[in-house]
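Chains S and E, in that order, are what the protein sequence lines are. Using this note's numbering, the first residue of the first sequence is number 1, and each one after it goes up by one. Using this note's numbering, the first residue of the second sequence is number 147, and each one after it goes up by one. Where is the CB? At the ideal position from N, CA and C, for every residue including glycine. In this text, all values refer to a predicted model and were calculated from it rather than measured experimentally.
2 protein chains.
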Amino acid sequence: MHRGDGVARLRNAPTWLIKMAAERAGRLLADGFAAADSRGYHYLLLAALDEHGPSSQAELGRRCGIDRSDVVAAINEMAAANLVERRPDENDRRRNVITLTRAGSRHLKRLDDVVGGIQDAVLEPLSDRERQQLLRLLAKLVDHGG
Amino acid sequence: MHRGDGVARLRNAPTWLIKMAAERAGRLLADGFAAADSRGYHYLLLAALDEHGPSSQAELGRRCGIDRSDVVAAINEMAAANLVERRPDENDRRRNVITLTRAGSRHLKRLDDVVGGIQDAVLEPLSDRERQQLLRLLAKLVDHGG
DNA sequence: CTCCATTCGTTGGTTATACCAATATTGGTG
DNA sequence: CACCAATATTGGTATAACCAACGAATGGAG
Chain S
1 MHRGDGVARL RNAPTWLIKM AAERAGRLLA DGFAAADSRG YHYLLLAALD
51 EHGPSSQAEL GRRCGIDRSD VVAAINEMAA ANLVERRPDE NDRRRNVITL
101 TRAGSRHLKR LDDVVGGIQD AVLEPLSDRE RQQLLRLLAK LVDHGG
Chain E
147 MHRGDGVARL RNAPTWLIKM AAERAGRLLA DGFAAADSRG YHYLLLAALD
197 EHGPSSQAEL GRRCGIDRSD VVAAINEMAA ANLVERRPDE NDRRRNVITL
247 TRAGSRHLKR LDDVVGGIQD AVLEPLSDRE RQQLLRLLAK LVDHGG
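1) Which residues in the same chain as Thr-245 of chain E place their Cβ atom closer than 7 angstroms to its Cβ, once the five residues preceding and following it in sequence are excluded?
2) With burial defined as no fewer than 16 other Cβ atoms inside 10 Å of the residue's Cβ, what is the status of Arg-209 of chain E: buried or exposed?
3) Measure the alpha-carbon distance for Ser-184 of chain E versus Glu-23 of chain S and round it to whole angstroms.
4) With a CB to CB cut of under 6 angstroms and the five nearest residues on each side skipped, what residues in its chain are close to Glu-130 of chain S?
5) Inspect the beta-carbon positions of Pro-14 of chain S and Leu-287 of chain E and report whether they are closer than 8 angstroms.
6) Along chain E, which residues have their Cβ under 7 angstroms away from the Cβ of Gly-4 of chain S?
7) Determine, for Ile-221 of chain E, whether the minimum Cβ-Cβ distance to residues of chain S falls below 8 angstroms.
8) Are the C-beta of Lys-109 of chain S and some C-beta of chain E separated by less than 8 angstroms?
9) Per DSSP, what kind of secondary structure is Arg-232 of chain E in: helix, strand or coil?
10) Alpha carbons only, please: which of E:Gly-291, E:Ser-202, E:Asn-228 is nearest the one belonging to Asn-237 of chain E?
11) Take the Cβ of His-2 of chain S as the centre, count every other Cβ of all protein chains shown within 10 Å, and call the residue buried at 16 or more, exposed below.
12) Given this structure, state the Cα-to-Cα distance separating Asn-76 of chain S from Gly-152 of chain E, to the nearest angstrom.
13) With DSSP as the reference, label Ser-215 of chain E as helix, strand or coil.
14) For Asn-237 of chain E, which of helix, strand or coil comes out of DSSP?
15) Leaving out the 5 sequence neighbours to the left and right, which residues in its chain are closer than 6 angstroms to Arg-256 of chain E when beta-carbon positions are compared?
16) Using CA coordinates, which residue listed in E:Ala-180, E:Gly-172, E:Arg-173, E:Ala-204 is at the minimum distance from Arg-240 of chain E?
17) Are there 16 or more other CB atoms within 10 angstroms of the CB of Ala-220 of chain E, so buried, or fewer, so exposed?
18) Between the alpha carbons of Leu-44 of chain S and Arg-173 of chain E, how many angstroms are there, rounded?
Here it is as structure tokens:
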């Protein structure tokens, strides 16, 4: 029995189904990240560093949609684990430059695998064609407003 | 700019898009409920009462997937607003019987309208055919595992 | 150069959701 | 009766997401 299964009017409410599916995906992702000693913010930040190179914390926050204060905490954790390096920016002494370390790159690869595995687990009941359909429909929804 | 828009590998990750869509839907729902002096739990509980008639708090919790302790709090709030009535069960004095009041029925109608409006807002970019497709795909996902 | 607004990192909160544990009361079963 | 299960309730925890305020530093307008 899942949240709201006993309420008939929700079974045909797309927004509710989206929330249900998101909850499941979120649980699986959180569990997978936790098993790799990480969490969602870490994955986002590592991926952003990988794709855009060394960045200030504010840049990371804007790119990932994470509040500056939460970036501080996540970077603290990852710096302590040597996944990233934090050093002051010579050209702008307000900023820190965050750099991905070798260990950070390796960790990101592991997390990419975790995410990939969860994609497969969640999408398992769908055929390739259906997955493409779903991707297209969701992209349309997200591009529009969210 | 939305959460994770600056991370390319997420734009083609269905689970991420689902989470994004769910966040948007969740925000809209929370805002809509708040504008009606309610929140998600209230809607779930009122809907369950409407569909199944008077129930104990434990029944409500099981049907809605809400923890018993959270049911207590939500029922407290709704009883204070005269949306439901809480009285001890004569046949089983462990239980309370929760009953929907007239005002509760009216409130539920308002919340149903709120939810309906949000469905339309979220699904706006999709044609009728696409909405049916999405509903089908999501149902498949949710039925399967979550 | 001076003043002012802005940016940045950081600390220290708040809120809402979703849990979990413990308790007293009652019900049902042997 | 003795025992276990279910119920309502209190209280607490963890987490994500967000917000406010601060000092230090920067940049631009005059």
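This is what the structure holds:
1) The answer, listed in chain order, is Pro-200, Val-230, Glu-231.
2) Per the 10 Å Cβ criterion, buried.
3) About 22 angstroms.
4) Excluding positions up to five away in sequence, the list is empty.
5) No.
6) Listed along chain E, the residues sitting closer than 7 angstroms to Gly-4 of chain S by beta-carbon distance are Leu-190, Cys-210, Gly-211.
7) Not one chain S Cβ lies under 8 angstroms of Ile-221 of chain E.
8) Chain E, which has no Cβ nearer than 8 angstroms to the Cβ of Lys-109 of chain S, makes this no.
9) Strand.
10) When only C-alpha atoms are compared, the closest one is E:Ser-202.
11) When all chains shown are included, His-2 of chain S counts as exposed.
12) The C-alpha of Gly-152 of chain E is placed about 21 angstroms away from the C-alpha of Asn-76 of chain S.
13) Three-state result, Ser-215 of chain E: helix.
14) Assigned with DSSP and collapsed to three states, Asn-237 of chain E falls in coil, not helix or strand.
15) The answer, listed in chain order, is Ala-182.
16) Of the residues E:Ala-180, E:Gly-172, E:Arg-173, E:Ala-204, the one whose Cα lies closest to the Cα of Arg-240 of chain E is E:Ala-204.
17) The residue in question, Ala-220 of chain E, is buried, as its Cβ has 16 or more Cβ neighbours within 10 Å.
18) Spanning the two alpha carbons is a distance of roughly 21 angstroms.
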